[in-house]
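Below is one structure, written out as structure tokens; the observations come after it.
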Amino acid sequence: MRRWLAGRVHGHYFVVFFFSGVLLGIVLSLFANENYFFNGMTILLSAVFAGVSLVKFRRQFLLLMLVSGMLLGVWRGSMEQAKIKEYTEYFGTSVNVRGMVVDDTTRTDDGKLKFKLKNVNIVGRDLAGEVWVNADAGKTAINRSDTVSVEGFMSEGFGSFAASLVRAEVVSIERTSVSDFGLQARDKFASSTEEILPEPERSLGLGYLLGLKSALPESFQQQIMILGLTHIVVASGYNLTI
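If you're matching positions, the sequence shown starts at 5 in the numbering used here and goes up one per residue.
This is the structure we're talking about:
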């Protein structure tokens with residue numbers, strides 16, 4: 005048994021054990037107190053355990069590598085839990101939120117705009133994380149990198165979002181997107197195709213090539229979502245842009 009534990013194994017095993025530990029740690033962070041793990045000591049222990057495990061690639065160190073990944077996963081999960089905790093006092097209330105639009109906005113068939121905000125500020129308080137917003141903006145266009153203020157009912161977030169605003173109203177818009185030169189070049193190219201290609205082929209092509217999903221009609225987006233092809237439009241477009 006001792007000889008078996010002292011045997012050398014391929015480095016791939018350590019990679020698998022490490023990332024398995026990370027996933028397990030993220031799950032455990034949902035039940036752990038973030039104050040215990042959201043600190044530099046957790047990262048230091050994870051690095052030490054990983055370094056010791058990789059000295060000779062012995063089978064007996066695989067468990068230590070698993071623990072290293074778990075510590076990193078718990079730290080990362082605790083960081084997200086800490087972000088969400090900052091928003092809890094605003095849940096169930098109407099608040100004014102100011103932030104920068106992260107990605108392209110999506111307009112629904114009833115005219116509502118869906119977008120996400122980062123660099124969030126609530127009542128002069130800067131908060132980490134991103135907020136998902138469903139707002140009534142009329143015919144006003146909101147672009148990526150614009151700074152907007154919205155007011156609405158805040159509720160719990162979903163996925164990677166710390167919170168969400170539903171039935172929100174756009175209070176003000178600062179066109180900070182004019183300094184986003186990548187956005188300006190992309191939109192100029194997209195507008196030059198309006199008279200060349202028909203819809204929805206044009207919007208789909210721009211999605212594939214530039215990752216421009218805001219041009220897709222909502223009904224067409226629903227069809228793509230049902231087929232499970234949304235990631236192809238967004239992810240492939242981003243890669244092709246690079």
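Cβ atoms here follow ideal geometry from the backbone N, Cα and C, with glycine treated the same way.
- With fewer than 16 other CB atoms across the displayed protein chains lying within 10 angstroms of its CB, Phe185 is exposed.
- Closest by C-alpha distance to Ser98, out of Glu84, Gly156 and Asp107, is Gly156.
- Of the residues Phe162, Thr92, Arg190 and Leu121, the one whose Cα lies closest to the Cα of Tyr212 is Arg190.
- Taking Gly29 as the centre and dropping the five residues before and after it, the same chain places the C-beta of Met74, Gly77 and Val78 closer than 6 Å to its C-beta, in chain order.
- Per DSSP, the beta bridge partners of Glu160 are Ala167.
- In the structure shown, Ser149 adopts coil according to DSSP, grouped into three states.
- Taken atom to atom, the span from the alpha-carbon of Ser82 to that of Lys89 is near 10 Å.
- Lys122 carries a strand assignment under DSSP once its states are collapsed to helix, strand and coil.
- For Phe61, the closest of His14, Ala141 and Asn125 by C-alpha to C-alpha distance is His14.
- Between Phe162 and Glu134, the CB-CB gap reaches or exceeds 8 Å.
- When rounded, the separation of the alpha-carbon atoms in Ser159 and Tyr91 is 9 Å.
- In terms of Cβ geometry, Met69 and Ala54 form a close pair [threshold 8 Å].
- Ranked by Cα distance from Val20, the first of Asn138, Arg63, Phe95 and Leu34 is Arg63.
- Taking a contact as a CB-CB distance under 8 Å, the pair Phe41 and Ser72 does not count as one, their CB atoms being some 14 Å apart.
- Contact between Ser33 and Gln85 holds: their C-beta atoms lie close to 6 Å from each other, under 8 Å.
- Under DSSP, Glu198 forms no beta bridge with any residue.
- In this chain, the alpha helix (DSSP H) harbouring Leu28 covers Gly15 to Ser33.
- Just so you know, the alpha carbons of Val101 and Ile230 end up roughly 32 Å apart.
- Taking all protein chains shown into account, Asn147 has 16 or more neighbouring C-beta atoms within 10 Å of its C-beta and is therefore buried.
- Looking at the backbone, the Cα of Asp108 and that of Val154 are separated by about 17 Å.
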